Amino acid sequence: NPIWNCTWYFTVEYSAEDTAPGNICMEVWDKAGTDEYIGEFVVPFPVKPGQYQYQPVVQSNPARLTDRHRVGTGVVSLQLRWKSGNSQDYEEAPDLLQVEPHMSSSVCGRLGITCIRGMSLRRADVLSSDPYCVVHVATSPKHSSTWTTPTKMATLDPLWEDVHEFQVNWPKLEMTEPAHVKLELWDYDHMSADEFLGEASFPLPIEHGDHLLDLELKPNRSKGSCHAQGRIHVRLYFHDQFRRAVETDPDLTAYEQAFCKYFGTRVVDEQLARAVAPSLVYFHLSFGRLLKGQLRRAWHRATCGLIDPGPSFPKGFRVRGYCALTSYLWSSLALCSML
170 NPIWNCTWYF TVEYSAEDTA PGNICMEVWD KAGTDEYIGE FVVPFPVKPG QYQYQPVVQS
230 NPARLTDRHR VGTGVVSLQL RWKSGNSQDY EEAPDLLQVE PHMSSSVCGR LGITCIRGMS
290 LRRADVLSSD PYCVVHVATS PKHSSTWTTP TKMATLDPLW EDVHEFQVNW PKLEMTEPAH
350 VKLELWDYDH MSADEFLGEA SFPLPIEHGD HLLDLELKPN RSKGSCHAQG RIHVRLYFHD
410 QFRRAVETDP DLTAYEQAFC KYFGTRVVDE QLARAVAPSL VYFHLSFGRL LKGQLRRAWH
470 RATCGLIDPG PSFPKGFRVR GYCALTSYLW SSLALCSML
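For what it's worth, this note's numbering labels the leading residue of the sequence shown as 170, then goes sequentially.
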């Protein structure tokens, strides 16, 4: 189940009097040792400018097979992008002809996993632990990728905020059982083997989108005899390889476009909201509105709420406000007479 992510560019020249180019033939070869022919497939040459998507089945050509009894199988996912020499066609952004979910034969894309933090972990040492997280992802049949976060020393509530991307390619016919992502928490030890703290798992996401997970750690007797304790917060996203890109609304301002770009790829959890919200409190207000609010607040304080009563000076406290304003005035007059 290879993932190439390669792009080739070709220049095709033909006039209006010439016949349109024929179909595009692509071959699949095995490069291990001597090159061996596996199969081939054909896709039509694009007639109109645009971006096209195909998932053809690999077929064998008996005339080119070394072993006549070995039949090529499999599916290849690819995109074709054609731009004509017409300047208008070249400037227009081609549309991506998206494959419907029921027509797609594979789950292919980028899986991003962010280990945010652990909470209330078990003490593996005398007073604390030195936890780190190991992530195992089944990226394709019979193949797994592993990623390890940095170690956080002397804490039971580690904060990692580290992200890693995995390339996932799963044929749907081979997903008889849901593939899983496993997270293992370990305690780092200088003098002895690392101690197992617990693990958590969740199904491999196959739908385009973002998720925020709060997982409980569970024990595994094959890795450690001690009990598991605590939770782990994980943020993940899956970007389908052939999903239509979301175009930016031209009517949005530069700030609104940057805001959508930033939060469109992140799940806004409580920690992120607390970090970003204070700086955005007055961001959407105009200068005139801010100045009016500040002047009104200053006038409200200067008159002790007598002229513009607010929540700090209800109507029942007008006498107190009058006494406070009178004392302020007499104090100011006494200070001026002394000077």
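Built from N, CA and C at the ideal position, the CB exists for glycine as well.
On a predicted model such as this, the values are computed, not experimentally measured, just so you know.
For this session: Please name the residue, chosen from W316, Y491 and L342, that lies closest to D333 on a Cα-to-Cα basis.
Result: Looking at the sequence itself, residue 333 is His, so the reference to Asp does not match. Measuring from the Cα of H333, the nearest candidate turns out to be W316.
For this session: Name, in chain order, the residues that DSSP records as bridge partners for P372.
Result: H349
Exercise. Between the Cα of T283 and the Cα atoms of Q222, H305, A503 and A493, which residue gives the shortest distance?
Worked result: H305
Exercise. Within 8 Å: the Cβ of S229 and any heavy atom of the ligand NAD?
Worked result: With respect to the ligand NAD, the structure shown offers nothing to examine, as it has no ligands at all.
Exercise. With 16 as the cutoff for other CB atoms within 10 Å, does L210 come out buried or exposed?
Worked result: Correcting the residue identity first, residue 210 is Phe in this sequence and not Leu. With 16 or more Cβ atoms within 10 Å of its Cβ, F210 is classed as buried.
Exercise. For S501 and chain D, any beta-carbon pair shorter than 9 Å?
Worked result: Looking at the structure shown, chain D is missing, and only one protein chain is on hand.
Problem set entry | CB contact flag (G202, V227, <9 Å) | no
Exercise. If you run the structure through DSSP and keep just helix, strand and coil, what is F365?
Worked result: strand
Problem set entry | Spatial neighbours of D358 in its chain, beta-carbon cut-off 7 Å, leaving aside the 5 residues before and after | E364
Exercise. How would you call H349, buried or exposed, if buried means at least 16 neighbouring beta carbons within 10 angstroms?
Worked result: exposed
Exercise. Would you call the CB atoms of L352 and G393 closer than 9 Å?
Worked result: no
For this session: Look up C194 in the DSSP assignment and say whether it is helix, strand or coil.
Result: strand
For this session: Starting from R286, follow its DSSP beta bridges and name the residues at the other end.
Result: L328 and H402
Exercise. How about L249 and I193: do their beta carbons lie closer than 9 Å?
Worked result: yes
For this session: Assuming W329 and R286 form a contact by the criterion Cβ under 8 Å, report the distance between their Cβ atoms to the nearest whole angstrom.
Result: 6 Å
For this session: State yes or no: is the C-beta of S297 within less than 9 Å of the C-beta of T320?
Result: no
Problem set entry | Pick from E343, E205 and S275 that is closest to R233, judged by C-alpha positions | E205
Problem set entry | Straight-line Cα distance separating W499 from A493 | 10 Å
Exercise. So is V488 buried or exposed if we call it buried at 16+ other beta carbons inside 10 Å?
Worked result: exposed
Exercise. Can you tell which of D331, M322 and P374 has the C-alpha that lies nearest to the C-alpha of P347?
Worked result: P374
For this session: Kindly list the residues whose CB is nearer than 8 Å to the CB of P277, restricted to its own chain and excluding five residues on each side of it in sequence; keep chain order.
Result: The residue asked about is misnamed: residue 277 is Cys in this sequence, not Pro. The residues are I172, S246, V337, N338, W339, D409, Q410 and F411.
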